[in-house]
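J.: Just so you know, we're using UniProt numbering here: the sequence shown kicks off at 1 and counts up by one.
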Amino acid sequence: MIEFHLDARSGVSPYLQLVHQVRHALRLGLLREGDRLPTVKDVVARLAINPNTVLKAYRELEHEGLVAARPGVGTFVTRTLANASLAAHEPLRRELRRWLAKARLAGLDDESIEALFSTTFRSAAEEDIA
């Protein structure tokens with residue numbers, strides 16, 4: 001089961017953070033069809049957020065066709081976002097971990113690593129478009 005977390009510094013609303021975390025878990029194969037999301041009550045207790053925030057996130061995911069609520073039972077995954085590239089994830093994850101270790105050895109903190117990755121990612125995407 002997915003364990004949600006919130007980053008107050010991200011500038012992203014809490015409900016969108018929950019939506020993004022579910023999407024990422026679906027894309028990475030961490031959640032599969034039939035898996036149950038944590039109950040609203042459990043998420044509220046763990047994250048100390050308003051139940052309406054969790055409900056809004058779950059409604060958006062339901063609107064996207066990714067989950068379905070079953071009254072009195074829970075909210076369940078109805079569709080995955082994982083594709084054939086899932087097999088390539090583990091070797092890439094290992095390589096990325098090595099890169100992160102090198103970045104930390106070079107003295108970069110988390111924000112610097114994130115900034116470097118984000119700008120390089122965007123730059124590479126723009127080059128692919130051009």
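Beta carbons: idealized from backbone N, C-alpha and C, even for Gly.
1) Just verifying my parser: in three-state terms, what is the DSSP assignment at residue 8?
2) Three or more beta-carbon pairs under 8 Å between the segment 52 to 70 and the segment 8 to 22, yes or no?
3) With a threshold of 8 Å on Cβ separation, who are the neighbours of residue 34 within its own chain once the five nearest residues in sequence on each side are excluded?
4) To the nearest angstrom, how far is it from the Cα of residue 63 to the Cα of residue 81?
5) Count Cβ pairs between the segment 82 to 89 and the segment 101 to 110 that sit closer than 8 Å; are there 3 or more?
6) Considering only DSSP beta bridges, list what residue 67 is partnered with.
T.: Reading it off the structure:
1) Here the question's residue 8 lines up with position 8 in the sequence shown. In this structure, residue 8 counts as coil in the three-state DSSP scheme.
2) yes
3) By one-based count along the sequence shown, residue 34 stands at place 34. So the list reads 76 and 77, once near-sequence residues are dropped.
4) Position 63 of the sequence shown, counting from 1, holds the residue named residue 63. Position 81 of the sequence shown, counting from 1, holds the residue named residue 81. Spanning the two alpha carbons is a distance of roughly 15 Å.
5) no
6) In the sequence shown, residue 67 corresponds to position 67, counting from 1. Answer by DSSP bridge pairing, in chain order: 77.
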